[in-house]
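Visitor: Got a structure for you, written out below as structure tokens; questions coming shortly.
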Ligand SMILES: Cc1cc2nc3c(=O)[nH]c(=O)nc-3n(C[C@H](O)[C@H](O)[C@H](O)COP(=O)(O)OP(=O)(O)OC[C@H]3O[C@@H](n4cnc5c(N)ncnc54)[C@H](O)[C@@H]3O)c2cc1C
Ligand SMILES: Nc1ncnc2c1ncn2[C@@H]1O[C@H](COP(=O)(O)O)[C@@H](O)[C@H]1O
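Chains as they are written, first to last, in our numbering: chain A, 11 to 323; chain Z, 342 to 595.
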């Protein structure tokens, strides 16, 4: 049959997690189709059509899907489900929101956050904050899967899929969008940035996070945080890296004033290089850091800033 | 349904390995070594119980029912919820792992019998990290959902839920009944006081089985093995900021 990937986007641009999910999907079933559900999102469908390996893009362009509310996404995906033997979405807060509804309605288990496709019906996924990896085999029938996109390379550009309009389903009438408060930043997105600099409780205040921002600006890095820093109100919730926050795997992850709790490590331990600055020599973060600097961050960060400037960053 | 002090809330609570424990994989790769490991209520479920109790204290909610699906010891998890302020409990006894879809089907049957206005689940159980049970339950019941709740505001027939999403916060308005799944910032759960722990022992706790609800609890996913994640090689300590930058440059990280 075929695999259906649900596109991640903001009605204007296609999020690169989609192309990564296409890579995973192609290992499960081919051809791969992409469903773009949104409002005034034709540009997104055009971008999805250019992903190599995508045969068809289904475009459901309707106010009902403007915010991808789970209840309406459910009925839309179900309206085409019978044509697919696998339906996949990125394990974003959006994918995690609507896809379990689809699985439940199809009476199949959802396989959450796959890291690897072992074979068309067998997958690796993390459990216990990534302290164990489970290899699971799906039963016969449809496979409903969310994909941890740090585990997959984005499918290249170069495709020329056809775009087909998909009729809207009736409004479920169960929920309504009210408002949103999105974090605005000129910096790269946390989950796709090549360098991530995260601050923890050690920063001590929102004001002090500016020390992190400065380094991030020099290195074109994204800024992340531990749960403790978010709970304390130093930074917004969408900065949280970890088991129950965002999963990142950049070239460089620099942890500053973060102790390295299991739940934090779960979100960053697949980074290529990990560096840490912590004043406590014994801090567990040093057990995963390739390069550890035991120092007071209030001294080390300004010094780092100057040294980077000196080296032309 | 709707008016003050008339709402009923169901709170499913899962017994999991305590969040402070670093689990070990069994050497035969058959699973996790759970012998003598500290077990606790899933932290997100504590937040769910707390939210329900606060609504009861505000006079919005009349009754809170805590439900756990698991082994006999899951009764302790329910007792913890009762000590925090839930009114009664239902233990659905199972042997072995239960998948989120099975849990959702049992909860659906309980909802049909109990007719709650709201179900508060955790966003994620920290053992299986599935993040799906609440959403599945909402779909099976044909209800709306407010996942990853950061804050919750109840009116007569609706709930406004601010949700922690990848880009920030999104607020949705849900028709009741509905399912809300809790995120970390919703509240800070209380510790049960000793007198409340004692009182909880006298609160009613019903025992059931999946068969009572006509649900087959057999897992459908086959776990072929459970293995250790790849280990990182040992790192080094650097002495200064400039040495750190030298190393990062050498490693091609900057
Ligand atoms: C259900 C649940 C889910 C969770 N999910 C997550 C998650 O997704 N992500 C996450 O991060 N956490 C998560 N946590 C929390 C986690 O357990 C830790 O509490 C948290 O990661 C600690 O944050 P921290 O390292 O910033 O703070 P702390 O553990 O307090 O560490 C602060 C560190 O800063 C250092 N420090 C202090 N001052 C200085 C200074 N001047 N210079 C240098 N270093 C300094 C200290 O030595 C210390 O190591 C979760 C917990 C639970 C229960
Ligand atoms: N066995 C269970 N008993 C009671 N509640 C459960 C059980 N499994 C899951 N839940 C609920 O569903 C939430 C999400 O779990 P999961 O989908 O497994 O990540 C948990 O936080 C609980 O509220």
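All C-beta atoms in this analysis are idealised placements derived from N, C-alpha and C, irrespective of residue type, glycine included. Note that this is a predicted model, so its numbers are computed, not measured.
Got a sec, what are the start and stop residues for the beta strand (DSSP E) residue 159(A) sits in?
Guide: Unbroken run through residue 159(A): none, as it is neither H nor E.
Visitor: According to the Cβ coordinates, are residue 123(A) and residue 77(A) closer than 7 Å?
Guide: no
Visitor: Would a check of beta-carbon distances place residue 111(A) closer than 7 Å to chain Z?
Guide: For residue 111(A), the answer is yes, since a Cβ of chain Z falls inside 7 Å of its Cβ.
Visitor: Applying the 10 Å Cβ sphere with the 16-neighbour rule, what's the burial state of residue 575(Z)?
Guide: exposed
Visitor: Residues of the segment 244-255 of chain A with a CB closer than 9 Å to any CB of chain Z: list them in chain order, please.
Guide: 246, 247, 248, 250, 253, 254, 255
Visitor: From residue 18(A) to residue 164(A), what does the alpha carbon distance come to, in whole angstroms?
Guide: Each residue's alpha carbon lies about 13 Å from the other.
Visitor: According to the Cβ coordinates, are residue 288(A) and residue 594(Z) closer than 7 Å?
Guide: No; because the gap between Cβ atoms is not below 7 Å, this pair is not in contact.
Visitor: Got a sec? Which residues, its chain only, sit under 6 Å from residue 198(A) by beta carbon, not counting five neighbours each side?
Guide: Sequence-distant Cβ neighbours of residue 198(A) in its own chain, meaning closer than 6 Å and more than five residues away, are 232.
Visitor: Taking residue 516(Z) and residue 184(A) to be in contact with their CB atoms under 8 Å, please state how far apart those CB atoms are, rounded to whole angstroms.
Guide: 5 Å
Visitor: For residue 120(A), which option in 128(A), 129(A), 135(A) has the closest C-alpha, if you only look at C-alpha atoms?
Guide: That would be 135(A), whose Cα lies nearest to the Cα of residue 120(A).
Visitor: Any heavy atom of ligand 2 within a distance shorter than 6 Å of the CB on residue 381(Z)?
Guide: no
Visitor: Using a beta-carbon distance below 7 Å, is residue 347(Z) in contact with chain A?
Guide: With 7 Å as the cut-off, residue 347(Z) does not count as an interface residue toward chain A.
Visitor: Examine the Cβ distances between the segment 454-463 of chain Z and the segment 345-355 of chain Z and report whether three or more of them are shorter than 8 Å.
Guide: Taking a cut-off of 8 Å on C-beta distances, the segment 454-463 of chain Z touches the segment 345-355 of chain Z, as three or more cross pairs fall below it.
Visitor: Does any C-beta atom of chain A lie closer than 7 Å to the C-beta of residue 343(Z)?
Guide: Any reading at residue 343(Z) must be qualified, since the residue scores a pLDDT of 45, below 50, and its modelled position is unreliable; the value itself is stated next. Not one chain A Cβ lies under 7 Å of residue 343(Z).
Visitor: Work out the CA separation of residue 569(Z) and residue 366(Z) for me, nearest whole Å.
Guide: Between the C-alpha atoms of residue 366(Z) and residue 569(Z) there is a straight-line separation of about 6 Å.
Visitor: Residue 127(A): buried (16+ other C-beta within 10 angstroms of its C-beta) or exposed?
Guide: buried
Visitor: Can you look up residue 380(Z) in the DSSP assignment and give me helix, strand or coil?
Guide: In this structure, residue 380(Z) counts as strand in the three-state DSSP scheme.
Visitor: Quick one: grab the DSSP three-state call for residue 235(A).
Guide: strand
Visitor: Is DSSP giving residue 263(A) helix, strand or coil here?
Guide: Note: residue 263(A) maps to strand in three-state DSSP.
Visitor: Pick out whichever of 315(A), 293(A), 311(A), 272(A) has its Cα sitting closest to the Cα of residue 141(A).
Guide: 272(A)
Visitor: Kindly indicate if chain A contains any beta-carbon less than 7 Å away from that of residue 382(Z).
Guide: Not a single CB atom of chain A sits nearer than 7 Å to the CB of residue 382(Z).
Visitor: Quick one: which chain Z residues come within Cβ less than 8 Å of residue 146(A)?
Guide: 562, 563, 564, 565
Visitor: Identify the contact partners of residue 527(Z) in chain A, using a Cβ-Cβ distance below 7 Å as the criterion.
Guide: By Cβ distance, chain A contributes nothing, its closest Cβ being about 11 Å from residue 527(Z), past 7 Å.
Visitor: Please classify residue 268(A): does DSSP put it in a helix, a strand, or coil?
Guide: coil
Visitor: Output the distance between the C-alpha atoms of residue 277(A) and residue 258(A), rounded to the nearest integer angstrom.
Guide: Rounded to the nearest angstrom, the two C-alpha atoms are 6 Å apart.
Visitor: Does the beta-carbon of residue 284(A), which I'm using as the reference point, lie nearer than 6 Å to any heavy atom of ligand 1?
Guide: no
Visitor: Quickly, what does DSSP pair residue 463(Z) with across the bridge? List them, please.
Guide: 523(Z)
Visitor: Let's see if you can read the secondary structure: which residues bound the alpha helix (DSSP H) around residue 583(Z)?
Guide: 582-591
Visitor: So does residue 219(A) have its beta carbon nearer than 6 Å to some heavy atom of ligand 1?
Guide: no
Visitor: Using a Cβ-Cβ cutoff of less than 8 Å, which residues in the same chain neighbour residue 291(A) once the five nearest sequence positions on both sides are dropped?
Guide: 304
Visitor: Less than 7 Å between CB atoms is the rule here; does residue 573(Z) satisfy it with respect to chain A?
Guide: yes
Visitor: Quick one: measure Cβ to Cβ for residue 392(Z) and residue 523(Z), integer angstroms, because I've assumed they're closer than 8 Å.
Guide: The Cβ separation is near 6 Å, so the contact holds.
Visitor: Since residue 547(Z) sits in a beta bridge, which residues does DSSP pair it with?
Guide: 431(Z)
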